[in-house]
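Encoded as structure tokens, the structure appears first; notes follow it.
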Amino acid sequence: MRDLTRPNITFIVIPPIVGVLASIWPVEPLLLKALCVGLLLISLFATVTAKTIRGQFVGVAAVAILLATLVLGTPLQLAFRLSRPSLDRIAERVADEEQIQTPFWVGPFRIRKAELDRNGVVCLWTDDSPQGRTGFVRHEPSELPFNLWSHTVLDHDWQLIHED
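For the sequence shown, counting from 1, position 8 maps to 40 in my numbering; every step adds exactly one.
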């Protein structure tokens with residue numbers, strides 16, 4: 033009979049996988065931080081209660097991945113860097129006022145709407161909800177012409193924004 037009081041390796045690796053996927057989704061930053069803190073607590077508990085060196089090693093790696101996701105936004109930054117050339121190509125087409133057929137995928141990101149807004153900003157929306165859009169905008173970080181709930185600076189040209 034299996035001892036249910038000891039977490040197995042699968043239980044230890046699930047929290048960082050969920051954290052990384054939530055980071056790439058992209059989830060609103062406050063929600064992502066809350067999720068990562070909860071997942072971090074689960075991973076810490078699983079690591080402390082692991083009875084094998086292998087389990088403890090995997091637990092430490094899981095905690096490190098979640099801390100990198102929480103503090104640095106590493107999975108989102110990495111996914112963005114890998115997708116940047118494609119985002120730039122799409123942005124140039126949008127800037128040239130070419131009609132883009134949506135939805136489509138750019139790396140791990142599903143773009144639901146591509147538009148040039150009234151301020152001349154290229155917007156690649158991953159969520160086009162009337163309650164508040166979320167997506168990538170090509171604009172310098174200062175003076176973003178949006179009603180922002182939050183935004184993540186990806187580099188000098190690209191921001192991930194969440195509108196109110």
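Note that CB positions come from ideal geometry on N, CA and C, so glycine has one too.
V154 and R165 do not touch by the CB rule: their CB atoms are close to 14 Å apart, not below 8 Å. Counting the other Cβ atoms within 10 Å of the Cβ of Q191 gives 16 or more, which makes it buried. For the 8 Å CB-CB criterion, T101 and C68 form a contact. Non-local beta-carbon contacts of E172 in its own chain, meaning distances under 8 Å to residues more than five positions away in sequence, involve H188 and D189 in chain order. Here the alpha carbons of V80 and S161 stand approximately 42 Å from one another. The alpha-carbon separation between F168 and V52 amounts to approximately 18 Å. For A146, the enclosing beta strand (DSSP E) covers residues K145 to L148. Under DSSP, L192 forms a beta bridge with F168 and T184. Segment contact: the segment 72-87 against the segment 111-128, fewer than three CB-CB distances shorter than 8 Å; contact not assigned.
In the DSSP annotation of this structure, the continuous segment of the beta strand (DSSP E) that includes D159 starts and ends at V154 to D159.
K145 and V126 have their C-alpha atoms some 11 Å from each other. In this model, I193 and V138 are separated by some 17 Å (Cα to Cα). As DSSP reads the structure, W57 sits in no beta bridge. Boundaries of the beta strand (DSSP E) harbouring V138: F136 to V138, taken from the DSSP string.
Here A123 has V154 and R170 as same chain residues with Cβ atoms under 6 Å from its own Cβ, once five neighbours each way along the sequence are excluded.
If you draw a straight line from the Cα of V185 to the Cα of F77, it is about 33 Å long. Around the C-beta of G152, fewer than 16 other C-beta atoms lie within 10 Å, and the residue is accordingly described as exposed.
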